[in-house]
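Participant: Chains as they are written, first to last, in my numbering: chain U, 291 to 670; chain G, 111 to 515.
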Amino acid sequence: MDLAYSPEEHAFREEVRSFIRAELPPEIHAKMAAAVELSKDDYVAWQHKLNKRGWLAPNWPVKYGGTGWTVVQKHIFDEEMALGGAPRQMPFGVSMVAPVIIEFGNDEQRGYYLPRILNSDDWWCQGYSEPEAGSDLASLKTRAERDGDHYVINGQKTWITLAQFANMIFVLARTDPSAKRQEGISFILVDMTTPGVTVRPIVTIDGGKEINEVIFENVRVPVSCRVGNENEGWTYAKFLLEHERNGTAGVAGSFQLLERLRTVAREHRFDGKTMLDDETFTKRMAAVEIELTALSYAQMRSLAAESSGKRPGPESSFIKITGTEIQQAITTLMMEASAYDALDPADHNALWYFNMRKTSIYAGSNEIQRNIIAKRILGL
Amino acid sequence: MDFTLSSDQAMIKDSVDRFVADNYEQRQRAELVASQDGFSREHWAQFASLGWLGIAFPEERGGFGGSPVETMIIAEAFGRGLVLEPFVPSVVLGGTALAYGGTSKAHHDLLEAMIGGEKLLTFAYAEERSRYDYGLIETQARADGDDLVVTGKKLAVPFAAAADTYVVTVRTSGGKRDPDGVTVLLVDRDMAGVTRTDYRTVDDRRASTVTFDGVRVPKANVLGETGKGLPLVERIIDAGIGAVAAEAVGNTSVLLRRTVEYLKTRKQFGVPIGSFQALQHRAVDMLIATELARSITFYGTMALADDSSAAERMKALSATKVQIARSGRVVGESAIQLHGGIGMSEEYVIGHYFKRISMIELEFGDSDFHLGRYVALGKQLAGAHSNGEARGAAHASPAEAVARA
Numbered sequence: 291m292d293l294a295y296s297p298e299e300h301a302f303r304e305e306v307r308s309f310i311r312a313e314l315p316p317e318i319h320a321k322m323a324a325a326v327e328l329s330k331d332d333y334v335a336w337q338h339k340l341n342k343r344g345w346l347a348p349n350w351p352v353k354y355g356g357t358g359w360t361v362v363q364k365h366i367f368d369e370e371m372a373l374g375g376a377p378r379q380m381p382f383g384v385s386m387v388a389p390v391i392i393e394f395g396n397d398e399q400r401g402y403y404l405p406r407i408l409n410s411d412d413w414w415c416q417g418y419s420e421p422e423a424g425s426d427l428a429s430l431k432t433r434a435e436r437d438g439d440h441y442v443i444n445g446q447k448t449w450i451t452l453a454q455f456a457n458m459i460f461v462l463a464r465t466d467p468s469a470k471r472q473e474g475i476s477f478i479l480v481d482m483t484t485p486g487v488t489v490r491p492i493v494t495i496d497g498g499k500e501i502n503e504v505i506f507e508n509v510r511v512p513v514s515c516r517v518g519n520e521n522e523g524w525t526y527a528k529f530l531l532e533h534e535r536n537g538t539a540g541v542a543g544s545f546q547l548l549e550r551l552r553t554v555a556r557e558h559r560f561d562g563k564t565m566l567d568d569e570t571f572t573k574r575m576a577a578v579e580i581e582l583t584a585l586s587y588a589q590m591r592s593l594a595a596e597s598s599g600k601r602p603g604p605e606s607s608f609i610k611i612t613g614t615e616i617q618q619a620i621t622t623l624m625m626e627a628s629a630y631d632a633l634d635p636a637d638h639n640a641l642w643y644f645n646m647r648k649t650s651i652y653a654g655s656n657e658i659q660r661n662i663i664a665k666r667i668l669g670l
Numbered sequence: 111m112d113f114t115l116s117s118d119q120a121m122i123k124d125s126v127d128r129f130v131a132d133n134y135e136q137r138q139r140a141e142l143v144a145s146q147d148g149f150s151r152e153h154w155a156q157f158a159s160l161g162w163l164g165i166a167f168p169e170e171r172g173g174f175g176g177s178p179v180e181t182m183i184i185a186e187a188f189g190r191g192l193v194l195e196p197f198v199p200s201v202v203l204g205g206t207a208l209a210y211g212g213t214s215k216a217h218h219d220l221l222e223a224m225i226g227g228e229k230l231l232t233f234a235y236a237e238e239r240s241r242y243d244y245g246l247i248e249t250q251a252r253a254d255g256d257d258l259v260v261t262g263k264k265l266a267v268p269f270a271a272a273a274d275t276y277v278v279t280v281r282t283s284g285g286k287r288d289p290d291g292v293t294v295l296l297v298d299r300d301m302a303g304v305t306r307t308d309y310r311t312v313d314d315r316r317a318s319t320v321t322f323d324g325v326r327v328p329k330a331n332v333l334g335e336t337g338k339g340l341p342l343v344e345r346i347i348d349a350g351i352g353a354v355a356a357e358a359v360g361n362t363s364v365l366l367r368r369t370v371e372y373l374k375t376r377k378q379f380g381v382p383i384g385s386f387q388a389l390q391h392r393a394v395d396m397l398i399a400t401e402l403a404r405s406i407t408f409y410g411t412m413a414l415a416d417d418s419s420a421a422e423r424m425k426a427l428s429a430t431k432v433q434i435a436r437s438g439r440v441v442g443e444s445a446i447q448l449h450g451g452i453g454m455s456e457e458y459v460i461g462h463y464f465k466r467i468s469m470i471e472l473e474f475g476d477s478d479f480h481l482g483r484y485v486a487l488g489k490q491l492a493g494a495h496s497n498g499e500a501r502g503a504a505h506a507s508p509a510e511a512v513a514r515a
C-alpha cells in the first residue's frame with residue numbers, strides 16, 4: 291500500500307492540465323464559469339478535441355480506442371477536467387451504450403458504432419423508463435414484435451435526457467410477453483430518424499427542457515440492431531446500470547459545483563462581509579467538501595478493485611447514493627447563499643436546487659440503491 | 111498510489127489480527143480493564159519483541175523505516191479488538207514527539223527505549239480553559255538557571271499513571287494563545303511536584319488530571335526549539351488523529367458486521383428483523399458511513415506521509431477527523447438502535463465499541479473544532495496561492511489563522 295501520488299502521476303496531472311488550458315475554447319470555458327447551458331455544438335466541439343488527443347473514451351479497451359490508463363490516472367483526469375472547467379462527459383454513448391456493445395455486441399456492431407461514438411457522428415440517448423415502469427423497470431411494456439428481419443416497436447419511453455440532441459436511442463423492449471418479467475426483454479439500438487419515432491419535451495420544475503418522452507409507433511428496426519441474445523436484455527441492462535451509477539455519482543463534477551458555490555457565497559454579503567466570512571455557512575460548506583473528499587477516495591478504491599478484475603458491483607450503489615446527496619447539498623447551499631436573489635429566475639440558484647432533486651431519483655432511486663446494497667452486500 | 115497491502119504489510123496485519131484473536135476475548139479484556147494498569151505489560155513486551163512499537167520510525171532511531179501506513183494497519187486491527195494497551199499515547203504521540211523534536215542523544219535513547227518496550231510515554235496538552243485548542247496554553251515554564259520551572263494543570267492525559275515520561279506542552283513566553291512561546295517538554299512522572307488524579311474513562315481506558323507545581327525540569331528536556339514548539343505540537347496532534355481514525359475504522363467495521371449478523375438472527379413477528387426495509391436502510395447507512403470512514407483515513411494517512419506543507423497536512427487531518435466523527439456517530443448510534451434493548455446492556459459487546467468510538471470523536475478535537483480549523487486553513491492556503499507563494503511556504507502559523515477564525 292502506497293497512498294501517495296507517484297512522480298509519474300504528478301506529471302500526468304500536469305499533462306492533463308496543460309491540455310485543458312491549451313484546448314478548451316474560451317467561449318465554452320466562459321459559459322461553464324457562468325453556469326450557462328451548453329449547446330450541442332459546444333459539447334461536440336470539445337468531444338472532437340478529446341478524441342483527437344485519444345482521450346474521449348478512457349474506459350474502453352485500448353484496441354477500441356481506450357487509453358489504457360490506471361485507475362489513478364482516470365481519477366486524476368476526471369478531477370482535472372472538472373477543476374479546469376471542461377464540459378461534463380456526456381455518458382450516453384461513451385460510458386453507457388458502448389460498454390454494452392463492447393461486452394455483448396458482435397464484431398460488426400463494434401466496428402460500426404464505436405468509431406461513430408468517437409467521432410461524435412452519433413448522439414445517443416437512453417430508452418429505459420416508461421410511464422408505468424420507473425423504479426420497477428422490469429415491468430416495462432414497450433413491445434418489439436418480430437416481423438421477418440425486423441422488429442416492430444410500439445410503446446412510450448420517458449425521462450430521456452437530451453433526446454432532442456440525439457439521433458440514436460438504446461431501447462429496452464419486450465420481445466417475449468409470455469415470459470417472466472425480467473426474461474423476455476431485449477436490448478435494441480434504434481435510429482431515431484426511423485419513421486414512427488416522436489420526441490416530445492417535458493418541462494421540468496426548474497423550467498428546464500433537457501428531458502423528453504419518446505414515442506414509438508410501428509417503428510421498424512432491423513433485427514441486426516439487437517445487442518446480444520433475444521430475451522436476455524435484462525442482463526445487459528443491469529450491466530449498464532452498474533456502469534452508469536459510478537458516473538451518476540458526479541464526484542468530479544461536484545468539485546466543480548463547489549467552486550461555483552464559493553463564487554455564489556463570495557457574491558452575497560451580509561452586514562458588510564461576504565458569506566465566505568460567515569462562520570456557520572463556511573462550516574456547512576466545509577462539511578460537504580469533506581464528505582466529497584471521502585467519497586472521491588471511496589470511488590478510487592472501488593475502481594481499483596474493478597481494475598484488478600472485478601466488474602463494478604453493488605458498491606457502485608453506495609457511491610451513487612452519497613454522490614447524489616452531495617450534489618443536492620451543494621445546490622441547497624447555493625440557494626441559501628443567494629437569499630432573496632434566489633426568487634429571481636435570472637439568479638439560477640433556486641433553479642439549480644430544483645433541478646438537482648432529480649439526482650436521487652434517476653439511475654435507480656436512492657431507495658432502490660439501498661435495497662440493492664441490503665440484499666447484495668449485506669445479505670439481508 | 112496503490113491500495114493493496116504489500117506482503118510485509120499483509121504479514122503485519124495478520125500477526126496483529128492473530129494477537130487480537132488470541133488475547134482479546136471479551137472475558138480476557140474485562141480482566142485487563144480491572145487490572146492495576148488497565149492493560150497488560152506482557153502484551154506490551156510482546157508488541158516490542160514483534161517490532162510493532164518501532165515499525166513507523168526511521169531505522170537510525172531503532173525503528174524499521176515504515177510509514178504512517180503501518181501505523182494505520184496496526185491501529186485499525188487494535189480498533190477491531192478494542193485493544194487497551196497504550197499504543198497511541200506511547201508510540202504515536204510520544205514517539206512522534208521524539209522522532210520530530212528529538213535533538214540530543216538522550217532524546218534518541220529515550221525513543222529507542224520506548225521502541226524496545228522499556229519506557230512508556232504519553233502526551234499532555236489539554237487544559238481546563240483550552241477545550242481542544244492545543245495552541246491555547248496556560249501551563250507556564252519559567253527559566254531558572256539550567257532549569258525550566260513548570261506550573262499548571264493538564265487534563266485527560268492518557269495512561270499517565272503507567273507512563274514513565276510525559277510530553278508536555280508549556281508556555282515559555284507570550285500570552286496564552288501566542289503561537290510564539292509554545293515549548294514541548296519532557297517531564298518524568300516521578301519528578302518532584304508532579305501529582306495526579308487517576309481515573310478509569312467511560313470507555314474503560316485510563317487517564318489522569320496531572321498537576322505541575324513548580325516542577326524543576328532540565329532545559330535539556332526541551333524537544334525542538336524553546337518557544338518554537340507549535341509546529342511540533344501540530345505534528346503530534348495530526349499523527350494522533352491519523353491513528354485514532356484508523357482505530358475508528360476498526361471499530362466501525364465490527365459494529366457493522368455484528369449488527370448485520372444480529373439483524374439476520376434476531377426474530378420478531380415471526381421473521382428475522384433484517385427483513386424489514388426500515389432496518390435494512392439504516393444498516394445500509396452504516397455501511398456507507400464505514401466506507402467513507404475508511405476512505406478518509408487513507409486520505410489522512412497519505413497526508414501524514416507527505417512533508418511538503420504543514421498547512422495542507424493539517425487541513426487533510428481535520429477533514430479526516432470530521433468525517434470520522436460523523437461516520438462514528440452514524441455507525442455507533444445505529445448499532446445500538448438496531449440491537450434494541452440488548453445494545454444497552456453492559457454485558458453485551460456492542461456497547462463497548464459504541465463507547466470507544468464516541469470518545470474517539472472527542473480526542474484531538476471534535477467535529478466543530480476541526481471544521482473551524484479546516485475552514486481557517488483553507489482560507490490561509492487560498493490566500494497563499496493567490497499571492498503566488500509556494501505551497502510549502504504557507505505553514506508559517508496555521509494556529510494563528512485558526513485563532514483568528
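Cβ coordinates follow ideal geometry from the N, Cα and C atoms, glycine included.
State the Cα-Cα distance for the pair V461 (chain U) and W524 (chain U), rounded to the nearest angstrom.
Facilitator: Numbered from its first residue, the first sequence carries residue 461 (chain U) at position 171. Numbered from its first residue, the first sequence carries residue 524 (chain U) at position 234. Answer to the nearest angstrom: the Cα atoms are 11 angstroms apart.
Participant: Roughly how many whole angstroms lie between the Cα atoms of P421 (chain U) and E401 (chain G)?
Facilitator: As a position in the first sequence, residue 421 (chain U) is number 131, starting the count at 1. As a position in the second sequence, residue 401 (chain G) is number 291, starting the count at 1. Going from the Cα of P421 (chain U) to the Cα of E401 (chain G) covers about 35 angstroms.
Participant: Pairing CB atoms from the segment 443 to 452 of chain U with CB atoms from the segment 533 to 553 of chain U, are three or more of them under 8 angstroms?
Facilitator: Three or more Cβ pairs closer than 8 angstroms define a contact, and the segment 443 to 452 of chain U falls short of that threshold against the segment 533 to 553 of chain U.
Participant: Under 7 angstroms, do Y643 (chain U) and T612 (chain U) count as touching if we go by C-beta distance?
Facilitator: Reading the first sequence from its first residue, position 353 is the one you call residue 643 (chain U). Reading the first sequence from its first residue, position 322 is the one you call residue 612 (chain U). No, the pair does not count as a contact, with Cβ atoms beyond the cut-off.
Participant: Please list, in chain order, the chain U residues whose beta carbon lies closer than 8 angstroms to that of I351 (chain G).
Facilitator: The sequence position of residue 351 (chain G) within the second sequence is 241, counting from 1. Neighbours of I351 (chain G) on chain U: none; closest Cβ ~13 angstroms, over 8 angstroms.
Participant: Would you kindly report the start and end of the unbroken beta strand (DSSP E) that includes D437 (chain U)?
Facilitator: The sequence position of residue 437 (chain U) within the first sequence is 147, counting from 1. 433 to 437 is the extent of the beta strand (DSSP E) around D437 (chain U).
Participant: Can you give me, in chain order, the residues of the segment 328 to 350 of chain U that have a beta carbon less than 9 angstroms from any beta carbon in chain G?
Facilitator: none
Participant: When you compare each of G:M469, G:K489, G:L491 to A266 (chain G) by their alpha carbons, which one comes out closest?
Facilitator: What you label residue 266 (chain G) is simply residue 156 of the second sequence in a count that begins at 1. A266 (chain G) has its Cα closest to that of G:M469, out of G:M469, G:K489, G:L491.
Participant: Any Cβ of chain U within less than 7 angstroms of the Cβ of R514 (chain G)?
Facilitator: Position 404 of the second sequence, counted from the start, is the residue given in the question as residue 514 (chain G). For R514 (chain G), the predicted structure reports a pLDDT of 42, less than 50, and the residue's modelled location is therefore unreliable. A value from the coordinates is still provided. For R514 (chain G), the answer is no, since every Cβ of chain U falls outside 7 angstroms of its Cβ.
Participant: Could you give the distance in angstroms between the alpha-carbon of M380 (chain U) and the alpha-carbon of V432 (chain G)?
Facilitator: Working through the first sequence from its first residue, we reach residue 380 (chain U) at position 90. Working through the second sequence from its first residue, we reach residue 432 (chain G) at position 322. Cα-Cα distance, rounded: 34 angstroms.
Participant: Inspect the beta-carbon positions of T375 (chain G) and V441 (chain G) and report whether they are closer than 7 angstroms.
Facilitator: Start at 1 with the first residue of the second sequence, and residue 375 (chain G) comes out as number 265. Start at 1 with the first residue of the second sequence, and residue 441 (chain G) comes out as number 331. The answer is no: Cβ separation not under 7 angstroms.
Participant: Measuring straight from C-alpha to C-alpha, what distance separates Q337 (chain U) and E503 (chain U)?
Facilitator: Along the first sequence, read from residue 1 onward, the residue named residue 337 (chain U) stands at position 47. Along the first sequence, read from residue 1 onward, the residue named residue 503 (chain U) stands at position 213. Answer to the nearest angstrom: the Cα atoms are 26 angstroms apart.
Participant: Write down the C-beta distance between G184 (chain G) and Q119 (chain G) rounded to the nearest angstrom, noting that I regard them as a contact closer than 8 angstroms.
Facilitator: Residue mapping note: residue 184 (chain G) aligns to position 74 of the second sequence, counting from 1. Residue mapping note: residue 119 (chain G) aligns to position 9 of the second sequence, counting from 1. The question names Gly, but residue 184 (chain G) is Ile in the sequence shown. Incorrect: roughly 10 angstroms between the Cβ atoms, too far for contact.
Participant: I'd like the span of the beta strand (DSSP E) that includes Y441 (chain U), first residue to last.
Facilitator: Mapped onto the first sequence, residue 441 (chain U) falls at position 151. Per DSSP, Y441 (chain U) belongs to the beta strand (DSSP E) from 440 to 451.
Participant: When we look at the beta-carbon of A503 (chain G) and count the other beta-carbons within 10 Å, is it buried (16 or more) or exposed?
Facilitator: What you label residue 503 (chain G) is simply residue 393 of the second sequence in a count that begins at 1. Any answer about A503 (chain G) is weak, because its pLDDT of 36 lies below 50 and its placement is not dependable; what the coordinates show is given next. Counting Cβ neighbours within 10 Å, A503 (chain G) comes out exposed, since fewer than 16 surround it.
Participant: With a threshold of 7 angstroms between beta-carbons, can A588 (chain U) be considered close to chain G, or not?
Facilitator: On the first sequence, position 298 is the one that residue 588 (chain U) refers to. Chain G places a beta carbon closer than 7 angstroms to that of A588 (chain U), counting this residue as a contact.
Participant: Chain G partners of T622 (chain U), CB-CB under 9 angstroms?
Facilitator: Taking the first residue of the first sequence as 1, we reach residue 622 (chain U) at position 332. Ordered by position in chain G, no residue passes the 9 angstroms Cβ test against T622 (chain U), which lies about 17 angstroms from the chain.
Participant: Opposite Q673 (chain U) in the DSSP bridges: which residues?
Facilitator: Absent from the structure is residue 673 (chain U), since the part of chain U shown begins at 291 and ends at 670.
Participant: So for F322 (chain G), helix, strand or coil by DSSP?
Facilitator: Here residue 322 (chain G) corresponds to residue number 212 of the second sequence, with the count starting at 1. Of the three classes helix, strand and coil, the one that applies to F322 (chain G) here is strand, per DSSP.
Participant: Please confirm whether P297 (chain U) has its beta-carbon closer than 7 angstroms to some beta-carbon of chain G.
Facilitator: Mapped onto the first sequence, residue 297 (chain U) falls at position 7. False, the Cβ-Cβ gap to chain G never drops below 7 angstroms.
Participant: Between E581 (chain U) and Q447 (chain G), what straight-line distance do the alpha-carbon atoms span, to the nearest angstrom?
Facilitator: Taking the first sequence and counting its residues from 1, the one referred to as residue 581 (chain U) is at position 291. Taking the second sequence and counting its residues from 1, the one referred to as residue 447 (chain G) is at position 337. Taking the straight line joining both Cα atoms gives about 24 angstroms.
Participant: Just curious, the beta strand (DSSP E) that Y276 (chain G) is in, first and last residue?
Facilitator: As a working mapping, residue 276 (chain G) is identified with position 166 in the second sequence. Note, Y276 (chain G): beta strand (DSSP E), 275 to 281.
Participant: Give me the DSSP bridge partner(s) of S476 (chain U).
Facilitator: Mapped onto the first sequence, residue 476 (chain U) falls at position 186. Looking at the DSSP assignment, S476 (chain U) forms a beta bridge with U:A463.
Participant: When the Cβ atoms of the segment 329 to 344 of chain U are set against those of the segment 560 to 580 of chain U, are three or more pairs found closer than 8 angstroms?
Facilitator: With a cut-off of 8 angstroms, the segment 560 to 580 of chain U and the segment 329 to 344 of chain U do not count as touching, because too few Cβ pairs lie within range.
Participant: In angstroms, rounded to a whole number, what distance separates the CA positions of F174 (chain G) and G164 (chain G)?
Facilitator: Against the second sequence, residue 174 (chain G) aligns to sequence position 64. Against the second sequence, residue 164 (chain G) aligns to sequence position 54. Approximately 6 angstroms, taken between the alpha carbons.
Participant: Tell me the residue span of the alpha helix (DSSP H) that contains D331 (chain U).
Facilitator: Position 41 of the first sequence holds residue 331 (chain U). First-last of the alpha helix (DSSP H) with D331 (chain U): 330 to 343.
Participant: Would G498 (chain U) and N645 (chain U) qualify as a contact pair, given that the criterion is a beta-carbon distance under 7 angstroms?
Facilitator: For this step, residue 498 (chain U) is matched to residue 208 along the first sequence. For this step, residue 645 (chain U) is matched to residue 355 along the first sequence. The answer is yes: Cβ separation under 7 angstroms.
Participant: Give me the Cα-Cα distance between R103 (chain G) and G189 (chain G), rounded to the nearest whole angstrom.
Facilitator: Not covered by the structure: residue 103 (chain G). The range shown for chain G is 111 to 515.
Participant: Where does N409 (chain U) land, buried or exposed, given buried means 16+ other C-beta within 10 angstroms?
Facilitator: Against the first sequence, residue 409 (chain U) aligns to sequence position 119. Exposed, since its Cβ has fewer than 16 Cβ neighbours within 10 Å.
Participant: Please name the residue, chosen from G:K377, G:R281, G:S455, G:P199, that lies closest to G245 (chain G) on a Cα-to-Cα basis.
Facilitator: In the second sequence, the residue the question calls residue 245 (chain G) occupies position 135. With distances taken between Cα atoms, G245 (chain G) lies closest to G:R281.
Participant: My assumption, with CB atoms under 8 angstroms, is that H638 (chain U) sits in contact with A372 (chain U). Please give the rounded CB distance.
Facilitator: Taking the first residue of the first sequence as position 1, residue 638 (chain U) is located at position 348. Taking the first residue of the first sequence as position 1, residue 372 (chain U) is located at position 82. The pair is not a contact, with the Cβ atoms about 19 angstroms apart (cut-off 8 angstroms).
Participant: For P405 (chain U), report the span of its alpha helix (DSSP H) as first-last.
Facilitator: Here residue 405 (chain U) corresponds to residue number 115 of the first sequence, with the count starting at 1. Start and end: 397 to 408.
Participant: Looking at Q390 (chain G) and L531 (chain U), is the spacing between their C-beta atoms short of 7 angstroms?
Facilitator: The sequence position of residue 531 (chain U) within the first sequence is 241, counting from 1. The sequence position of residue 390 (chain G) within the second sequence is 280, counting from 1. No, these two residues do not count as a Cβ contact at 7 angstroms.
Participant: Check the Cβ of L402 (chain G) against every Cβ in chain U and list those closer than 8 angstroms, keeping chain order.
Facilitator: Locating residue 402 (chain G) in the second sequence gives position 292, where the first residue counts as 1. Residues of chain U passing the Cβ test: E581, A584, L585, A588, T612.
Participant: Taking the straight line between their C-alpha atoms, what separation do you get for V485 (chain G) and H495 (chain G)?
Facilitator: Position 375 of the second sequence, counted from the start, is the residue given in the question as residue 485 (chain G). Position 385 of the second sequence, counted from the start, is the residue given in the question as residue 495 (chain G). Just so you know, the alpha carbons of V485 (chain G) and H495 (chain G) end up roughly 15 angstroms apart.
Participant: Find the residues of chain G that neighbour F608 (chain U), judging by a C-beta separation of less than 8 angstroms, and give them in chain order.
Facilitator: One-based indexing of the first sequence puts residue 608 (chain U) at position 318. The answer, in chain order, is V394, L397, I398, E401.
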